[in-house]
Each structure stands twice: as structure tokens, then as C-alpha cells.
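Notes for the one structure printed next.
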Amino acid sequence: MPTYHYRAVEDEAACDACRETFSKIQTISEPLVEQCSSCEAPVRRVICAAGGSLIDKRYKTKKMLSDGNLKKLGFKKLVKESDGKYVDVLQD
Ligand SMILES: [Zn+2]
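Residues in the sequence shown are numbered from 0 upward in steps of one, following numbering that gives the first Met the number 0.
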């Protein structure tokens, strides 16, 4: 079963439980939690992958697709030149 993470929408209205992100194990068919179970403040679902935020993940993907890394992994990166020919820009 997936674990969903929730956090108070507004810190001012939040109690200790929902000011920090809390998690709840739910089935996919279960409705999303909309209120904190202890203070009833509105909460929203947050996406947090293990080991970092979504932004970190995007950054990692970008880094993975860097020229240096592609070259290391043996990929070619073909770029179309103005004369219509493709050249491998990772080639020295
Ligand atoms: Zn709360």
C-alpha cells in the first residue's frame, strides 16, 4: 500500500502533528485526507520521494542527461548541423 504524505495548508492553523509532514498508509481507492485528524486544520497532500523533493529529482535527471554523463555511458548525442548532417557532439 502506498504511503501518502500530508501537511497543513497554513502553518498558523496547524497543530504539532500537521505542521510537520505526516504520513498515512492508504489504499489507492481511499479518499485523500483533507483535514488533520487531531486539529481539523485543512491539509494537503505533498509529494515527497525518498531522499529528496521533486525539485531534487528533476535536477538529478537533468544532471544524468548532461553531455559528460551521456558520454560516460556510451551514448551518442546527435545534433543537426546547418547543412543537414548530424554530428555526434560528444565525439572529441
Ligand atoms: Zn493538526
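C-beta atoms are modelled at their ideal positions from N, C-alpha and C, and glycine is treated no differently. A quick note: this is a predicted structure, and the numbers were derived from the prediction, not measured.
Close CB contacts of Asn-68 within its chain, under the 8 Å cut and outside five residues either way in sequence, are with Lys-62 (chain order).
Counting of Cβ neighbours within 10 angstroms places Val-86 among the exposed residues, the total staying below 16. Spatial neighbours of Glu-19 in its own chain (CB-CB distance under 8 Å, excluding positions within 5 residues in sequence) are listed in chain order as Arg-6. In the DSSP assignment, Ala-7 falls within the unbroken beta strand (DSSP E) covering 2 to 7.
Considering only Pro-41, Leu-72, Glu-80, Val-78, the residue with the shortest C-alpha distance to Glu-11 is Pro-41.
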